[in-house]
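With UniProt numbering applied, the sequence shown has no gaps in its numbers, which climb one by one up to 678 at the end.
These notes concern the structure reproduced below.
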Amino acid sequence: PQKAPRFTRPREHRREPVTLNELTALLLYASLGKRHGVDKPSWCRLHRQGRVARVHVVLLEGVTQLHFYRYYSQFKQLRRSYTARCTLVPSSCDLVSTLLSAELPDPQDSHPDIQTTTPTADVIWHPVARRYGLKRRGLSSYLLTEEEMIRKNFPVKGVQGCEAFVCTQADDHVTDSSPLYGLDCEMCVTQAGTELTRVAVVDSRGCCVLDELVKPSNPIINYCTKFSGITQAILKPVTTRLQDVQTKLVELLPRDAVLVGHSLDSDLRALKMIHPHVIDSSLLYRREFGQRFKLKYLAQVILKREIQTEERTGHDPCEDACAALQVVQYFISKGPRQVLHYHLEDLWGVIPRPQQALNESLHNHTISPLRFGQALHKAGQSVLLLGKSAKSDNLTSSQVWRRHSCNTDKECVCVFRRIAQTYSLSVIQFSSLSDVLNQSTEERKDSHLQQMLDRLEQMCVLFLGPLPRDYTERNLHTLLRHYGGLRKIRLVQTTHGAQRPLTEATLDLEASLAELQRDVMNGHMIYVGGISPHHHSYGDLFQVFSSFGPIDSIVTPAKNSGKCRRHAHIEFVSAESVLVAVRSQAEIGNRKLSVCHALTPPHMHTWTHTHPVSIVMGGETDDPREGDGRELESSGLTCTQDGEMERVMKTLDRNVGKMFKALEDKTLSIVILPGCRR
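Below is the structure:
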């Protein structure tokens, strides 16, 4: 949808690797937001952060970025479902512990307007302050959003189960001066479930404007007299039905009316009515972990009034509607900061420290910084940790998150599917590969890592041929110097030098190239070669290729990269433009340009250059791999072992796909390949 949250990365940052601290900054901002003193991450953009429903992190233990491209064909779900890909700088520390133990910025720096008479942490990280801020605002700031209404089970137009509900004549012109109406209903239990028996509405002055008894259309099983005060004798003469009350409410409420109530969702569902502008007192005075105060307790503390007393049989809906209205009016008139200042202790039970003690603590630096996991805990957001190491000793503050130890990745997926929607942040650890490596001998582990090193080495090797017999290394330097620094050149003087080297990596080359062309990272990108750096400008390229479709960007090698700018990457707005451009015969002047699908994802350019391989391929005559290039594969893993690795990667990918399908809409999902620093 157009207003859904979206992750993007600025074009100028796509080739830069991401550090663990930068990744943590994204998770902090996605989970908590700027409202709570967390700054936006500098390396990416998270549009409409306030609409992010949940944050989901998957850690593929033991998997490196090199594994992803070595077993690229096995990662079908991962490379198709995730729309952004970044190089993560490997870290030797425990990722999960580091993420959840990250320090948050000092709240005083983010909120200098806080009264110094109230301890900073008690106020800033209070659920009320986190949701509404601290400034006093008009009533429109406290309306529930449509997303919040859906999440809290309010009836909303277009949502399944609300098709037969009656809509009020509300419009979108709600202002801070719109009228407030308090609403409360009493229900009974019938053969069809819960049904309405009484409804009361009060205006903004607290005067009752509607008080009706309603006879349910189904036989009553339980009158719930203890709470509703309704008995069989009271309902016997009543002829008013639900449809009559719905008609009266539609006529009574102005188009810009704001309905106020306590747990208003159940009242509206009993009325089978939809009204888009509501304030719920049970959600306004927020508590940690989604708990709610009873209206009787709010009235006692805020209004200094006793309601729902034991002397009376059942609740008075007019009294309850008026009480809910007045506690909301009190909140709006005072603002969150004063409400917290006056009622932090008597309502929420938080005892603020004296200012002198606070100043001494600040002077002595005894206040511990607030951690990410603790901040989520204070905000009432729940955290789920799934995986084999969920009970690791590296993780502290166990009350901050729920740990669920799973023996297998399959068990992780099953548990996640069952309980994922109840957690704001979920961190899942898949350990299939690490289990295989842990069961291996040290020699086999070394062989596996050596094979990965060889793969990285081969990525920087170019095979060129056939060449004229009289070609020398000087000729090759002249030929290739435009494309960047050369580490080594080795001429292979054999009769079959024109053949492609027969290695495992080249046997399925055509299929691999086709998969890379379809990569989501390259879907809108083409590669253009044959550019004259002295005669062809950005404008020339734009003029030629914009005829194939709208262009998003044109990227050429940086001026300080040491490369002569003879090529460019052009990113189109649509994938269809790429197909047209590739099939075209593009020319600038009389110079024909080479055009093909882009193959290299942007993040890999930096990766291969910032992590150079120290071993030089080929070289002196005593090199054991000297020859015709046919034995460039490391001894590494055997075919059997490599086949086992392929199965492990495919299983990991399948589990990622299953978990992805279970995600709720508007979830930020991040898969981490932690890499290896060995």
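Just so you know, even glycine gets a beta-carbon here, dropped at the ideal spot from N, CA and C.
Quick caveat: nothing in here was measured; it's all calculated off a predicted structure.
(message) Within 8 Å of any Cβ in chain D, is that where the Cβ of Ile489 sits?
(response) The question asks about chain D, but that chain is absent: this structure has only one protein chain.
(request) Give a yes or no on whether the C-beta atoms belonging to Asn522 and Pro601 are separated by under 8 Å. (result) The residue labelled residue 522 in the question sits at position 522 within the sequence shown. The residue labelled residue 601 in the question sits at position 601 within the sequence shown. Yes, these two residues count as a Cβ contact at 8 Å.
(request) Give a yes or no on whether the C-beta atoms belonging to Ser204 and Pro179 are separated by under 8 Å. (result) Within the sequence shown, numbered from 1, the residue matching residue 204 stands at position 204. Within the sequence shown, numbered from 1, the residue matching residue 179 stands at position 179. With contacts defined as CB atoms closer than 8 Å, Ser204 and Pro179 qualify as a contacting pair.
(message) Please state the DSSP three-state secondary structure of Leu210.
(response) Your numbering for residue 210 matches position 210 in the sequence shown. DSSP places Leu210 in strand when its eight states are reduced to three.
(request) Give the DSSP-derived three-state secondary structure of Arg625 in the structure shown. (result) Here residue 625 refers to the residue found at position 625 when the sequence shown is read from its first residue. At Arg625, the pLDDT of 37 sits below 50, so the modelled position is not reliable and the matter cannot be decided from this model.
(message) Quick check on Gly619: buried or exposed, where buried means 16 or more other Cβ atoms within 10 Å of its Cβ?
(response) Translated into the one-based positions of the sequence shown, residue 619 becomes position 619. In this predicted model, Gly619 has a pLDDT of only 33, less than 50, meaning its place in the structure is not dependable enough to derive any value.
(message) Using the three-state DSSP reduction, which class does Lys236 fall into: helix, strand or coil?
(response) Along the sequence shown, read from residue 1 onward, the residue named residue 236 stands at position 236. DSSP, read as helix, strand or coil, puts Lys236 in coil.
(request) Please list the segments of the alpha helix (DSSP H) lying wholly inside the region 433–493, counting only runs of 4 or more residues, in order along the chain. (result) Listed in chain order, the alpha helix (DSSP H) elements of length 4 or more contained wholly in the region 433–493 are 442–459, 473–480.
(message) In the DSSP output, which residue or residues are listed as bridge partners for Cys596?
(response) In the sequence shown, counting from the first residue as 1, residue 596 sits at position 596. According to DSSP, which records beta bridges pairwise, Cys596 is partnered with Tyr527.
(message) Judging by CA-CA distance, which residue of Pro41, Pro10, Asn21, Gln49 is the nearest neighbour of Thr667?
(response) Residue mapping note: residue 667 aligns to position 667 of the sequence shown, counting from 1. The option with the nearest alpha carbon to Thr667 is Gln49.
(message) Output needed for residue 682: all residues of its chain with C-beta closer than 6 Å, excluding positions within five of it in sequence on either side, in chain order.
(response) The structure shown has nothing for residue 682, since the chain only spans 1 to 678.
(request) Please state if the CB of Val214 and the CB of Leu242 are separated by a distance shorter than 8 Å. (result) For the purposes of this step, residue 242 is identified with residue 242 of the sequence shown, where counting begins at 1. For the purposes of this step, residue 214 is identified with residue 214 of the sequence shown, where counting begins at 1. Between Leu242 and Val214, the CB-CB gap stays under 8 Å.
(request) Starting from the C-beta of Phe548, find all residues in its chain whose C-beta is less than 6 Å away, skip the five residues before and the five after it, and write them out in chain order. (result) Position 548 of the sequence shown, counted from the first residue, corresponds to residue 548. Excluding its 5 nearest sequence neighbours in each direction, Phe548 has C-beta neighbours in its own chain below 6 Å: Ser577, Val580, Ala581, listed in chain order.
(message) Suppose you measure from the CA of Pro127 to the CA of Arg371; what does that come to, to the nearest Å?
(response) Working through the sequence shown from its first residue, we reach residue 127 at position 127. Working through the sequence shown from its first residue, we reach residue 371 at position 371. About 16 Å.
(message) DSSP three-state label for Leu344, please.
(response) Here residue 344 is taken as the residue at index 344 of the sequence shown, counted from 1. The answer is coil: DSSP assigns Leu344 none of H, G, I, E or B.
(message) If we require 3 or more residues per run, which beta strand (DSSP E) segments fall completely within the region 37–72?
(response) Segments of the beta strand (DSSP E) lying fully in the region 37–72: 45–47, 54–60.
(request) Spatial neighbours of Val671 within its chain, please: CB distance less than 6 Å, with the 5 preceding and 5 following residues excluded, ordered by chain position. (result) Within the sequence shown, residue 671 is the residue found at index 671, counting from 1. Around Val671: Val58.
(message) Measuring only the C-alpha atoms, how far is residue 682 from Cys167?
(response) Only positions 1 to 678 of the chain appear in the structure, and residue 682 is not among them; the question remains open.
(request) Give me whichever residues DSSP pairs with Asp184 in a beta bridge. (result) Start at 1 with the first residue of the sequence shown, and residue 184 comes out as number 184. For Asp184, the beta-bridge partners assigned by DSSP are Ala200.
(message) Quick check on Asp653: buried or exposed, where buried means 16 or more other Cβ atoms within 10 Å of its Cβ?
(response) Reading the sequence shown from its first residue, position 653 is the one you call residue 653. So Asp653 ends up on the buried side.
(message) Could you pull the DSSP bridge partners for Ala568 from this structure?
(response) Numbered from 1 along the sequence shown, position 568 holds the residue referred to as residue 568. According to DSSP, which records beta bridges pairwise, Ala568 is partnered with Val528.
(request) Helix, strand or coil for Leu32, going by three-state DSSP, please let me know. (result) Numbered from its first residue, the sequence shown carries residue 32 at position 32. Secondary structure of Leu32 (DSSP, three-state): coil.
(request) Identify whether residue 681 lies in helix, strand or coil by the three-state DSSP scheme. (result) In this structure the chain extends from 1 to 678, so residue 681 is not present and cannot be described.
(message) Can you list, in chain order, the residues of its chain with a C-beta nearer than 6 Å to that of Val436? Leave out the 5 residues immediately preceding and following it.
(response) Within the sequence shown, the letter at position 436 stands for residue 436. Around Val436: Val648.
(request) Consult DSSP for Val413 and reduce its assignment to one of helix, strand or coil. (result) Numbered from 1 along the sequence shown, position 413 holds the residue referred to as residue 413. In the structure shown, Val413 adopts helical secondary structure according to DSSP, grouped into three states.
(message) For a test of the three-state rule: what should DSSP assign to Ser405, helix, strand or coil?
(response) Here residue 405 refers to the residue found at position 405 of the sequence shown. Correct three-state label for Ser405: strand.
(message) Quick test of your reading: Arg51 and Ala4, contact by CB under 8 Å. State the CB separation rounded to the nearest angstrom.
(response) Here residue 51 corresponds to residue number 51 of the sequence shown, with the count starting at 1. Here residue 4 corresponds to residue number 4 of the sequence shown, with the count starting at 1. Confirmed, Cβ separation roughly 7 Å.
(request) Would you list the one or two residues that DSSP bridges to Gln291? (result) On the sequence shown, residue 291 is found 291 positions in, with the first residue counted as 1. DSSP output for Gln291 lists no bridge partner at all.
(message) Going by C-alpha to C-alpha distance, which of Ala53, Gly193, Phe660, Ala598 sits closest to Gly33?
(response) On the sequence shown, residue 33 is found 33 positions in, with the first residue counted as 1. If you compare the alpha carbons of Ala53, Gly193, Phe660, Ala598 with that of Gly33, the shortest gap goes to Ala53.
(message) Tell me the rounded alpha-carbon separation between Glu515 and Met525.
(response) Residue numbering aside, residue 515 sits at position 515 when the sequence shown is read from its first letter. Residue numbering aside, residue 525 sits at position 525 when the sequence shown is read from its first letter. Distance between the alpha carbons of Glu515 and Met525: 14 Å.
(message) Can you tell me whether Leu513 is helix, strand or coil according to DSSP?
(response) Translated into positions along the sequence shown, residue 513 becomes position 513. In the structure shown, Leu513 sits in a helix (DSSP, three-state: H, G or I).
(request) With DSSP as the reference, label Val89 as helix, strand or coil. (result) Taking the sequence shown and counting its residues from 1, the one referred to as residue 89 is at position 89. Looking at Val89 - three-state DSSP - the assignment turns out to be coil, as it is neither helix nor strand.
(request) Determine, using beta carbons only, whether Ser382 and Val55 come nearer to each other than 8 Å. (result) Here residue 382 corresponds to residue number 382 of the sequence shown, with the count starting at 1. Here residue 55 corresponds to residue number 55 of the sequence shown, with the count starting at 1. 8 Å or more divides the Cβ of Ser382 from the Cβ of Val55.
(message) Using CA atoms only, rank isn't needed, just tell me which of Ser546, Gly193, Phe75, Ala420 is closest to Asp665.
(response) Position 665 of the sequence shown, counted from the start, is the residue given in the question as residue 665. The option with the nearest alpha carbon to Asp665 is Ala420.
(request) Taking only the alpha-carbon atoms, compute the straight-line gap between Ile221 and Leu295 and give it to the nearest angstrom. (result) For the purposes of this step, residue 221 is taken as the residue at position 221 of the sequence shown. For the purposes of this step, residue 295 is taken as the residue at position 295 of the sequence shown. Answer to the nearest angstrom: the Cα atoms are 27 Å apart.
(request) Can you tell me which of the three DSSP states Val427 falls into? (result) Residue numbering aside, residue 427 sits at position 427 when the sequence shown is read from its first letter. Strand at Val427.
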